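Read through the structure below, which is laid out as C-alpha cells, and then see the notes.
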Amino acid sequence: MGQQGNLKLKCQQYDHKDEIETICYNQFCQDFRLNCFKCDKRRTHHDHINDVEKINSLIGFIENRNKECDNLIDNLDKYVESLNQSFSQLKRGIKLKYSLQKERLINLNSQQLNDYLNSTIKFMEYKHSITTIISDQAKKLNHTFNNIYEQLQLLSLNYYQIDDNSIKQSEKLYDKGYDLYQKYKYTEAIDILDMSIQQNPKNYKSQGCKGACLMMLNKFEDAINWFDQALAIDPKNVFSLGNKGQCLRMQNKYDDAINWLDQALAIDPKDVISLANKGICLQRQNKYDDAINWLDQALAIDPKNVFSLANKGQCLRMQNKYDDAINWLDQALAIDPKNVISLANKGECLRMQNKYDDAINWLDQALAIDPKDVISLANKGICLRMLNKYEDAINWLDQALAIDPKDAFSLRNKGECLRMQNQYEDAINWLDQALAIDPKDVFSLNSKSKCLGILKQYKESFQFMDQTNFIDTQPIHSKGQIFIIFRRQFSRLIKIEKSFNSL
Numbered sequence: 001m002g003q004q005g006n007l008k009l010k011c012q013q014y015d016h017k018d019e020i021e022t023i024c025y026n027q028f029c030q031d032f033r034l035n036c037f038k039c040d041k042r043r044t045h046h047d048h049i050n051d052v053e054k055i056n057s058l059i060g061f062i063e064n065r066n067k068e069c070d071n072l073i074d075n076l077d078k079y080v081e082s083l084n085q086s087f088s089q090l091k092r093g094i095k096l097k098y099s100l101q102k103e104r105l106i107n108l109n110s111q112q113l114n115d116y117l118n119s120t121i122k123f124m125e126y127k128h129s130i131t132t133i134i135s136d137q138a139k140k141l142n143h144t145f146n147n148i149y150e151q152l153q154l155l156s157l158n159y160y161q162i163d164d165n166s167i168k169q170s171e172k173l174y175d176k177g178y179d180l181y182q183k184y185k186y187t188e189a190i191d192i193l194d195m196s197i198q199q200n201p202k203n204y205k206s207q208g209c210k211g212a213c214l215m216m217l218n219k220f221e222d223a224i225n226w227f228d229q230a231l232a233i234d235p236k237n238v239f240s241l242g243n244k245g246q247c248l249r250m251q252n253k254y255d256d257a258i259n260w261l262d263q264a265l266a267i268d269p270k271d272v273i274s275l276a277n278k279g280i281c282l283q284r285q286n287k288y289d290d291a292i293n294w295l296d297q298a299l300a301i302d303p304k305n306v307f308s309l310a311n312k313g314q315c316l317r318m319q320n321k322y323d324d325a326i327n328w329l330d331q332a333l334a335i336d337p338k339n340v341i342s343l344a345n346k347g348e349c350l351r352m353q354n355k356y357d358d359a360i361n362w363l364d365q366a367l368a369i370d371p372k373d374v375i376s377l378a379n380k381g382i383c384l385r386m387l388n389k390y391e392d393a394i395n396w397l398d399q400a401l402a403i404d405p406k407d408a409f410s411l412r413n414k415g416e417c418l419r420m421q422n423q424y425e426d427a428i429n430w431l432d433q434a435l436a437i438d439p440k441d442v443f444s445l446n447s448k449s450k451c452l453g454i455l456k457q458y459k460e461s462f463q464f465m466d467q468t469n470f471i472d473t474q475p476i477h478s479k480g481q482i483f484i485i486f487r488r489q490f491s492r493l494i495k496i497e498k499s500f501n502s503l
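Position 351 (the sequence shown) corresponds to 351 in full-length UniProt numbering; numbering is contiguous.
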C-alpha cells in the first residue's frame, strides 16, 4: 500500500477534481464512501457523521481488516483440522475393530473371536449407514459453502484492479500449469494454477484447467465447482463446458453430461473431446449406433484420436462384432501401445472368440500398466475358468472384487468356478451376491439353478430356471436334466413309501 502520505486519490463524484479528504465507514451507508471537500459540503453523510474519518485512517482500517481476515482463516483452518482429526479417529476405530489381520487372529481366544464375529457380521449394515450419513452431511456442507460463497459474492471482485503485469504473470503461470496438465502431472499443475489464479482471480482458463486436473484426480465435486467459476466469467468457454460434461459422465450422470456437452458443441461443433464424450455417454446407455455416429464425427476431425478409436472399438465389441472391434482397437494401439482401454477390450474380444491364451496375453499388458483395472482382472479370471484353471481364476476374480466388491461380472464367475469345483453352497453364496446387484442375470440364475439341482433342491431349482424367461437351448437342456433327476428321485420315494405301507 505504501506510505500514508503517498495515497493521493482524486474525487470522481459530480465532476469534482479535488483530492479525497474523508471516508465513511458506516455499515449501512449506500452513498459513495470517499469524499472531497466539495462532497462534504453537500452533507451526504450528515446523519452518521460519527462514522466519517480522515483519509489517513484508511491504512489503519485496511490493516485491521487484514488481521480480521487472517483470524477468520486461521479459525476455519482449526475447524478443518478438528474435522480431519475426527475423521482420522473414526477411520482408525473402524480399521481396529473390523479389520482383523492374521497376526492378530492367532492371538485371540474363542470368546474374543466370537465377539469379533458378532460385531463384524453387522458391519455391512453399519457400512451402509455410515456411508449414507457422511455423504448426506458432506452434501449439506458443500451446499452451505456454496451459499456462503454466493452471499459473500466472492466471484465479484469488481474493486480489485488487476494490473497488466499481474495479468501477464497469470497467463505465464497458466501456460506452465496447462503444460503440466497435458503431461498428466495434475497435482503439480494445480499448485501452479493456484498461483495463476492468485495473480488474476478472473483467469477463467486457469480455473477451468484446475477443474480438469481435479476431475482427473477423481475429485468430481471440486472439479465442477471450478468449472462453474470459470463459466460464471465466460459462459461460452468450450473447455469448461466440455470438461464439466466429461466430469458428469465419469459420475455416470449421462443425461446431465450430454446437456453440457451439447452446449459446448453448439459453440464449437468440431470440439473433438465433446464429440467423443457424447459418444461414450450414449455407449453407456447402450445406444451403440448413436454412439458410433458421434465417435465417427470426432474421428472425421481427428483420425488419430485414441479416445474415440478405443471407444468405437468398445461399441463394436458390445455389438458382438469382434473382428471389426479389434480392427479399431489395433488402430488405437498403433498410436498409443499403452492405452489400457484398448488393451483390455482387445483381450475381451479374443476371450469372446474363445482365444483364451491370446486374450490373457493382451489382458496382462493392460494389467502391467494398470494393475487395478477391474475389467482386465475379471476377464483374465474368466479366461482361466474357461481353461479349467479354477483356483487361478478365483485368485484373479478376488483381486477384481477387492477393488470393486459389487462387480457382478466377477461375482457370478467366482460362483461358477466354485460350482465347477463341486462347492455348490459356496457357489450359491457368490451367485446370490451377483443376483442382488442384477436380479435378471441369466448366467447367475442358470448357474444357481444347477447348484440347487445337484443339492436335490429341485423345486427351488425349477423356480430359478423359470426366472430366466430366456429361450436358449442350453437352459432348456439343463432344465430337462433337472427334470430327469427329479423323476428318478420321485420314483425312489414312491418305492420307499410302498415298502413302509406293506409292513
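Ideal placement from N, C-alpha and C gives every residue a C-beta, glycine not left out.
Here the structure is a predicted model, which means the values were calculated and not measured.
- Residue burial is scored here from C-beta neighbours: L411 has at least 16 other C-beta atoms within 10 angstroms and is therefore classed as buried.
- Annotated as proximal: A276 and A298, with beta-carbon spacing under 8 Å.
- The beta carbons of N200 and S170 sit about 4 Å from each other, so the pair counts as a contact at 8 Å.
- In this structure, DSSP gives E19 an extended state, which the three-state scheme calls strand.
- Judged by DSSP secondary structure, K304 falls outside any beta strand (DSSP E); it is assigned neither H nor E.
- With 16 or more other Cβ atoms inside 10 Å of its own Cβ, Q283 counts as buried.
- Taking a C-beta distance under 8 Å as the contact criterion, R419 and K450 qualify as a contact pair.
- The Cβ atoms of L397 and A368 lie no closer than 8 Å to each other.
- Contact between A325 and R317 holds: CB atoms are separated by about 4 Å, below the 8 Å threshold.
- In this chain, the alpha helix (DSSP H) harbouring K168 covers D164 to Q182.
- Annotated as proximal: W328 and K312, with beta-carbon spacing under 8 Å.
- Within the region 52 to 123, the beta strand (DSSP E) runs of at least 3 residues that lie entirely inside it are, in chain order, 52 to 54.
- Per DSSP, C213 is one residue of the alpha helix (DSSP H) stretching across Y204 to M216.
- The Cβ atoms of L445 and F464 sit closer than 8 Å to each other.
- Residues of the same chain with a CB within less than 8 Å of the CB of E221, apart from the 5 flanking positions on each side, are N142 in chain order.
- Straight-line spacing of the CA atoms in Q89 and V340 works out to 37 Å.
- When beta bridges are read from the DSSP output, C39 appears opposite no residue.
- The region 234 to 279 contains no complete beta strand (DSSP E) run of 3 or more residues.
- When secondary structure is reduced to three states using DSSP, L295 falls in the helix class.
- Close CB contacts of I167 within its chain, under the 6 Å cut and outside five residues either way in sequence, are with N200 (chain order).
- In this structure L363 touches K380 by the C-beta definition: roughly 5 Å separates them, less than 8 Å.
- Counting the other CB atoms within 10 Å of its CB gives H45 a total of 16 or more, which places it among the buried residues.
- Residue pairing of L34 in beta bridges, as defined by DSSP: I23.
- Counting only residues of its own chain and dropping the five nearest sequence neighbours on each side, Y181 has a CB closer than 7 Å to the CB of A189, C209, A212 and C213.
- For D271, the CB contacts under 8 Å within the same chain, skipping 5 residues up- and downstream, are V238, G242, A264 and L265 in chain order.
- The C-alpha of G347 is placed about 8 Å away from the C-alpha of N361.
- The alpha-carbon separation between K406 and A300 amounts to approximately 38 Å.
- Non-local beta-carbon contacts of D18 in its own chain, meaning distances under 7 Å to residues more than five positions away in sequence, involve C11, C36, F37 and K38 in chain order.
- Taking C-alpha positions only, R42 is separated from G177 by approximately 52 Å.
- Under the three-state reduction of DSSP, K185 is assigned to coil, being neither helix nor strand.
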